[in-house]
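What follows is one structure encoded as structure tokens, with my remarks underneath.
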Amino acid sequence: MNETNGMRADANRGMTGTNRAILIAACVLLAAAIGYAIWRDSAPATADPIARSGTAPSDQLAALEARTQSEPNSAEAWTALGAARFDLSDFAGAAAAYEKATALSPESAGLWSALGEARVMGSDSDPMPTAALSAFDKAIALDAKDPRARYFLAVKKDIGGDHRGAIDDWFALLADTPQGAPWEADLRRTIEQVGAIHKIDVASRLASTQARPLTADEMPVAARAIPGPSRSDMEAASQLPKGQQDQMIKGMVDGLEAKLKANPADVDRWIMLMRSRMTLGESAKAAQALKDGIAANPAAARRLKAQAQLLGVPGA
Numbered sequence: 345m346n347e348t349n350g351m352r353a354d355a356n357r358g359m360t361g362t363n364r365a366i367l368i369a370a371c372v373l374l375a376a377a378i379g380y381a382i383w384r385d386s387a388p389a390t391a392d393p394i395a396r397s398g399t400a401p402s403d404q405l406a407a408l409e410a411r412t413q414s415e416p417n418s419a420e421a422w423t424a425l426g427a428a429r430f431d432l433s434d435f436a437g438a439a440a441a442y443e444k445a446t447a448l449s450p451e452s453a454g455l456w457s458a459l460g461e462a463r464v465m466g467s468d469s470d471p472m473p474t475a476a477l478s479a480f481d482k483a484i485a486l487d488a489k490d491p492r493a494r495y496f497l498a499v500k501k502d503i504g505g506d507h508r509g510a511i512d513d514w515f516a517l518l519a520d521t522p523q524g525a526p527w528e529a530d531l532r533r534t535i536e537q538v539g540a541i542h543k544i545d546v547a548s549r550l551a552s553t554q555a556r557p558l559t560a561d562e563m564p565v566a567a568r569a570i571p572g573p574s575r576s577d578m579e580a581a582s583q584l585p586k587g588q589q590d591q592m593i594k595g596m597v598d599g600l601e602a603k604l605k606a607n608p609a610d611v612d613r614w615i616m617l618m619r620s621r622m623t624l625g626e627s628a629k630a631a632q633a634l635k636d637g638i639a640a641n642p643a644a645a646r647r648l649k650a651q652a653q654l655l656g657v658p659g660a
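Reading the sequence shown from the start, the letters are residues 345 to 660 in this note's numbering.
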């Protein structure tokens, strides 16, 4: 997108250049949180992430919509549909699906913050619609540590002129961010950008503020280096022709799924599959992997959910 033209258009709608910069940063942060930024940054520009799944977007949406018709009381079905619509930039449709999901699973902070994000992204004129703010407030009431809600509530502070307060909140979020979390670098970049815009010195605090150590539940994904499509894999893929890129990535994921069919009790491989799907931007399929992994390993549900939350899997 042309930044100058985009900022002028937003100014015409009443949004300042500063607010636009913050919201762009929010999009980058949240994309990183679901792992899609890894692929976006290392690969040539391509179609929407769902289009890369090998299934036509219309076919995938039709299947997900059919599932909500056959399982109208399934929060997971509505969550998967919301994630797929969001991947296709149908933010109004995503919000509608997440509204259904939150009605069915009102105690899920992650669903409320996903709803808030969809409402923000679907707004043409208001950078923080009241309905979005309400969803973020509900998420925080359920889970004071929800990173997406915390991020956007800090955006709200900045939009309201409390720039230092917003930066303080982002620093608090950074301190609570697990080491190696995919959104850490983008969160730091957001703090730097907003500090520069408002002439607030953040360099020393950034140098001294470190992400927190991983908990035991979080450790396997980052510390044990469970194999799967990693950043280096994606960088290697980006050097290949488009057809070979797709073949390489598909081979990785197909191999994971084949091994899980043979041994569904392998919890680590379910984590690998979730990470692979999120890296490819297939958040709905990642949510399905979480559901299938828990069904196959109910005793490991807590660990799988903790890993899914770290990866940003919808509804985790």
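Built from N, CA and C at the ideal position, the CB exists for glycine as well.
ask   = At a Cβ threshold of 8 Å, is residue 478 touching chain B?
value = The displayed structure is made up of one protein chain only, and chain B is not part of it.
Rounded straight-line distance, which links the Cα of residue 630 to that of residue 518 = 25 Å
ask   = Is the beta carbon of residue 627 sitting closer than 8 Å to the one on residue 608?
value = no
Cβ neighbour criterion (16 or more within 10 Å) applied to residue 433 = exposed
task = State whether the region 434-451 contacts the region 406-421, with contact taken as three or more CB pairs (one from each stretch) at a distance under 8 Å.
result = yes
key: Proximal residues to residue 508 (C-beta, below 7 Å), its chain only, five neighbours per side dropped   = 544
ask   = Taking residue 461 as the reference, which of 501, 640, 493 and 488 has the closest Cα?
value = 493
query = With DSSP run on the structure shown, which of helix, strand or coil describes residue 660?
reply = coil
message = Tell me the residue span of the alpha helix (DSSP H) that contains residue 499.
response = 491-503
key: Segment limits, alpha helix (DSSP H) that includes residue 428   = 419-431
request  = Please report how far the alpha carbon of residue 555 lies from the alpha carbon of residue 413, in whole angstroms.
outcome  = 43 Å
task = Identify whether residue 471 lies in helix, strand or coil by the three-state DSSP scheme.
result = coil
ask   = Of the choices 459, 455, 542 and 452, whose alpha-carbon is the least far from that of residue 435?
value = 459
query = Among the residues of its own chain, which have a CB less than 6 Å from the CB of residue 498, if the five just before and after it don't count?
reply = 510, 513 and 514
inquiry  = What does DSSP give as the partner residue(s) for residue 522 in the beta ladder?
reply    = 556
inquiry  = Quick test of your reading: residue 424 and residue 405, contact by CB under 8 Å. State the CB separation rounded to the nearest angstrom.
reply    = That belief does not hold up - the Cβ atoms of residue 424 and residue 405 are roughly 10 Å apart, past 8 Å.
Candidates 660, 546 and 474: closest to residue 694 by CA position = In the structure as shown, the chain begins at 345 and stops at 660. Residue 694 is therefore absent and cannot be evaluated.
Residue environment, residue 605, which counts as buried when at least 16 other CB atoms sit within 10 Å = exposed
query = So, is residue 646 buried or exposed, given that buried needs 16 or more other C-beta atoms within 10 angstroms?
reply = exposed
task = Note down, in chain order, each residue of its chain lying with its Cβ closer than 8 Å to the Cβ of residue 600, except the 5 sequence neighbours on either side.
result = 572, 613, 616, 617 and 620
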